[in-house]
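Protein chains in written order, with the working numbering: chain A, 10 to 398; chain B, 10 to 398.
Structure, as structure tokens:
2 protein chains.
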Amino acid sequence: MRYASWISELKESFLGEILKTASYEDVISFAGGLPAQELFPKDDLKDCFNQVFEEDGFMALQYAEALGYDPLRAWILEQINAGSKTKTLEDIIITTGSQQGLSLVAQIFIDPSDVILVESPTYLGALQAFQSYKPTILMVPSDQDGIIPEDLEEILKKQNPKFLYVIPNYQNPTGRIMSLQRRKDLVEIAAKYNLVIVEDNPYGLLRYEDEAYPNLMDLYDNVIYLGSFSKILSPGLRVGYVIAKKEIINQLARAKEGMDLFSNSLAQRAVFKYVTCKSINEHIAKLRKAYTARRDVMLSSFEKYIGDWAKINRPKGGLFVWVKIEKIKDSKEFLEQWAQKEKVIFVPGTFFYVDGRISNEMRINFSCSSPEVIEEGVKRIAQALSKVK
Amino acid sequence: MRYASWISELKESFLGEILKTASYEDVISFAGGLPAQELFPKDDLKDCFNQVFEEDGFMALQYAEALGYDPLRAWILEQINAGSKTKTLEDIIITTGSQQGLSLVAQIFIDPSDVILVESPTYLGALQAFQSYKPTILMVPSDQDGIIPEDLEEILKKQNPKFLYVIPNYQNPTGRIMSLQRRKDLVEIAAKYNLVIVEDNPYGLLRYEDEAYPNLMDLYDNVIYLGSFSKILSPGLRVGYVIAKKEIINQLARAKEGMDLFSNSLAQRAVFKYVTCKSINEHIAKLRKAYTARRDVMLSSFEKYIGDWAKINRPKGGLFVWVKIEKIKDSKEFLEQWAQKEKVIFVPGTFFYVDGRISNEMRINFSCSSPEVIEEGVKRIAQALSKVK
């Protein structure tokens, strides 16, 4: 087959392989980024779908506009407008999950070889969304507070990137939050160089400690903001959104017409029913409580079973801890040679680096396993580590 | 904004503008490709969603694999395997409507300037799906039986296209069906030049006369087949599929992971419930009956009110008639200057030609208006025509 050139340059689809292994019996998977299935508000969502069918079923089954269902767009903006910058209905588009938001942004901005910037490390799925457009992806050096402003400025002196992609809240994979000072420094530099920032915020509402920081969108005009109902409601619905200047939303809508015409109308309407008729805030409070407990068990289990071998962060929100294991050199090799044999999996750090560097880090998910399973899984990691020569 | 180059080369988004006008009060729209809303099996689908929530609601709300819901994939193949070539589960992927199928095929095959071939005229949405990948699109001369094999061969002697895109059944926009002989001639030439054929078949089951011809997929190995539930069930569900060789499906799945991860799981499961527990064949029979009546009213109204001014085909299936009006030179100008004033709209022929040629043709949809509205709409077209100098 004569595929497009990006296909022949593809590396192995490791993420897909991991997700397959996760379904094997007896395997404990810390690899996915899955919300806790048993906490989905299944009965409430069922009610909402029924209401949609009863009240406007024929409309909901018909073709619809690429921009999405207006009442849902308006509701999202109402929440967002609690921030300092006021947005209007022309500034938002509904997407098929925020993964499609990434894909659309890439499609309207990237020509082959265009430079784009990402955090180091960054979300693997974003790299997958960008790759077919063949950008040159540069990693901006980052520490526990997010990307380092001085390093960003050094890059901007030499490069003219199409955008910078960041996840300020409880970042995937590191779980870190960008500090308030860093946010201010970042947008100051961005303004100076007229840099477009793509702000991805799937985890912002899964906050377990401290007050929320302002979104970059509230601090700077030139931001394309991606949001999602996948983590606070359900990923199976595939409802995400992009907020940006009207001009950009228009281009995204035209790209979306070509990509999938519009997103599932029933799901958009059911989400609107849910957020207006059910208790979204109570549901989020429930998630926070459960995930906080799971995070704490994850941290205490690492402390108990692995101790000094592991350097682990304490995420203040989100779904992941990021672990560095001093005893090993390559966490991918450790997964393949040792951890899989103990029936526990995670995502090795290498996959979150654009340069595919060897890494002794790993991304560990704590949201989709019960406290008991978390403890058992960490035991298995400890067991695997004890076998490494 | 520094967009990707394809954005700056975009023409006006006429399709979007048309769909907006269609929602204005008193406007009769023959412009969309919409199924009849009142015929959606709303109550049955409601039952199906309820069953999905009751039986596997938690699973259906969770992340899922890019390839789609296995039982639905298997069911589709069972239907398709009634044809001569046997396919397996590895040969099919579920897509977010078949529009996404087009977009994914474009993404995995097209590098900028690659040649691809289309019928003349062809589906506007396919051109929209392809455009961001910047192919060189060549139109293969076509007549009432589809593309002309000799002309195709002339092109293949000089060009090495990535694929040929065709809609063999009740084509959009012309309503024509590719004859059996043409299908045989086409695949013979395709085999000779090792040409990949992308076969788009959204309308095949909306057959009002004659027996079905074999799909190109049944006549030739090198076919990527796109199907959809949008026209036989509901477009709001966004459930389509692609059938092709395993190797191609694998690449499509990897591209889909980047594009939207996976398609709405509830909708996939509800469609499976529908096709296995409800009466899909009876529903299709009902659609055929209603659409046949609407087509006939469309044809007789043209005969009655417009007569010799119009040259109109008699489609044996699908959603469209294709009309050539000898009295005018440019149907886009006619729409803007005359028809819109009479509150009737359609899609001017020019938009279905890659070269944007001036055309006195128009695509007229007959599926989504009642017989009374169809007659009134054609009267309005006649009224508008009578005013043209």
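Where a beta carbon is used, it is the ideal one built from N, C-alpha and C, also for glycine.
Model, not experiment: these values are computed from the prediction.
Residues that residue i contacts on chain A, provided the C-beta gap is smaller than 7 Å
i, result
"Tyr300 of chain B", "Chain A residues near Tyr300 of chain B: none, gap ~16 Å exceeds 7 Å."
"Gln71 of chain B", "Leu43, Gln46, Pro244, Gly245"
"Lys171 of chain B", "Arg11"
"Lys352 of chain B", "Under the 7 Å cutoff, chain A gives no residues; its nearest Cβ is about 21 Å from Lys352 of chain B."
"Lys8 of chain B", "The structure shown does not extend to residue 8 of chain B, since chain B spans only 10 to 398, so no value can be given for it."
"Phe329 of chain B", "The premise fails here: Phe329 of chain B is roughly 15 Å from chain A at the closest Cβ pair, so nothing lies under 7 Å."
Cut-off 8 Å between Cβ atoms - residues of its own chain near residue i, not counting five sequence neighbours on either side
i, result
"Glu128 of chain B", "Met148, Val149, Ser151, Gly155, Ile156, Tyr174, Val175, Ile176, Gln180"
"Phe400 of chain B", "What the structure shows of chain B is the stretch from 10 to 398, and residue 400 of chain B is not part of that stretch, so it cannot be assessed."
Range covered by the alpha helix (DSSP H) that runs through residue i
i, result
"Val284 of chain A", "274-286"
"Ser122 of chain B", "Ser122 of chain B -> no alpha helix (DSSP H), and no H or E assigned at all."
"Asn169 of chain A", "Note, Asn169 of chain A: premise wrong, no alpha helix (DSSP H); not H, not E."
"Tyr229 of chain B", "From DSSP, Tyr229 of chain B is part of no alpha helix (DSSP H); its letter is neither H nor E."
"Trp84 of chain A", "79-89"
"Asp269 of chain A", "That residue, Asp269 of chain A, is in no alpha helix (DSSP H); it is neither H nor E in DSSP."
"Asp364 of chain B", "Premise fails: Asp364 of chain B is in no alpha helix (DSSP H) and is neither H nor E."
"Glu197 of chain B", "189-202"
Chain B residues whose Cβ lies nearer than 7 Å to that of residue i
i, result
"Gln140 of chain A", "Gly267"
"Tyr12 of chain A", "Ile117, Phe118, Gln260"
"Glu256 of chain A", "Met10"
"Ser274 of chain A", "Gly245"
"Ile16 of chain A", "Ile117, Gln260"
"Gln137 of chain A", "Glu266, Gly267"
"Lys166 of chain A", "None at all; the shortest Cβ gap to chain B is about 18 Å."
Residues near residue i in its chain [Cβ-Cβ closer than 7 Å; skip 5 each side]
i, result
"Tyr78 of chain B", "Ile103, Ser274, Gln277, Arg278, Phe281"
"Trp15 of chain B", "Gln140, Ser141, Lys143"
"Gln260 of chain B", "Ile117"
"Glu99 of chain B", "Lys255, Ile258"
Host beta strand (DSSP E) of residue i (start-end)
i, result
"Glu208 of chain A", "206-209"
"Ser237 of chain B", "232-237"
Reduced DSSP category for residue i - H, G, I as helix; E, B as strand; rest coil
i, result
"Tyr300 of chain A", "helix"
"Asp152 of chain A", "strand"
"Ala319 of chain B", "strand"
"Thr105 of chain B", "coil"
"Gly326 of chain A", "strand"
"Lys96 of chain B", "coil"
"Met10 of chain A", "coil"
"Cys377 of chain B", "coil"
"Asp7 of chain B", "The shown model of chain B, from 10 to 398, leaves out residue 7 of chain B, and the question about it has no answer."
"Gly110 of chain A", "helix"
"Thr30 of chain B", "helix"
"Glu342 of chain B", "helix"
"Thr359 of chain A", "helix"
"Lys255 of chain A", "helix"
"Ile157 of chain A", "coil"
"Gln116 of chain A", "helix"
"Ala348 of chain B", "helix"
"Leu19 of chain A", "coil"
"Asn181 of chain A", "coil"
"Tyr72 of chain A", "coil"
"Ala45 of chain B", "coil"
"Ile293 of chain A", "helix"
Per DSSP, the bridge partner or partners of residue i
i, result
"Glu370 of chain B", "B:Lys333"
"Glu128 of chain A", "A:Val149"
"Gly245 of chain A", "Answer is none; Gly245 of chain A lacks a bridge partner."
"Val175 of chain B", "B:Glu208"
"Ser38 of chain A", "A:Ile354"
"Tyr250 of chain B", "B:Ile103, B:Gly236"
"Arg216 of chain A", "A:Gly326"
Proximal chain B residues relative to residue i, where beta-carbon distance stays under 8 Å
i, result
"Leu19 of chain A", "Arg263"
"Gln109 of chain A", "Met268, Asp269"
"Lys2 of chain A", "The displayed coordinates of chain A run from 10 to 398. Any statement about residue 2 of chain A would go beyond what the structure contains."
"Asn210 of chain A", "Within 8 Å Cβ-Cβ: nothing; Asn210 of chain A doesn't reach chain B, min ~17 Å."
6 Å Cβ shell around residue i - same chain, five flanking residues per side excluded
i, result
"Tyr142 of chain A", "Ala115, Ile119"
"Cys286 of chain A", "none"
"Arg247 of chain B", "Thr105, Gly106"
"His292 of chain A", "Pro50"
"Val205 of chain A", "Phe172, Asn231"
Residues that residue i contacts on chain A, provided the C-beta gap is smaller than 8 Å
i, result
"Gly106 of chain B", "Asp269, Leu270"
"Lys287 of chain B", "Per Cβ cutoff of 8 Å: no residues; Lys287 of chain B is ~14 Å from chain A at best."
Contacts of residue i in chain B (Cβ-Cβ under 9 Å)
i, result
"Ser112 of chain A", "Gly267, Met268, Asp269"
Near the ligand SAH: residue i beta-carbon under 7 Å from a heavy atom
i, result
"Leu19 of chain B", "Only the bare structure without any ligand can be found here, which leaves the ligand SAH out of the picture."
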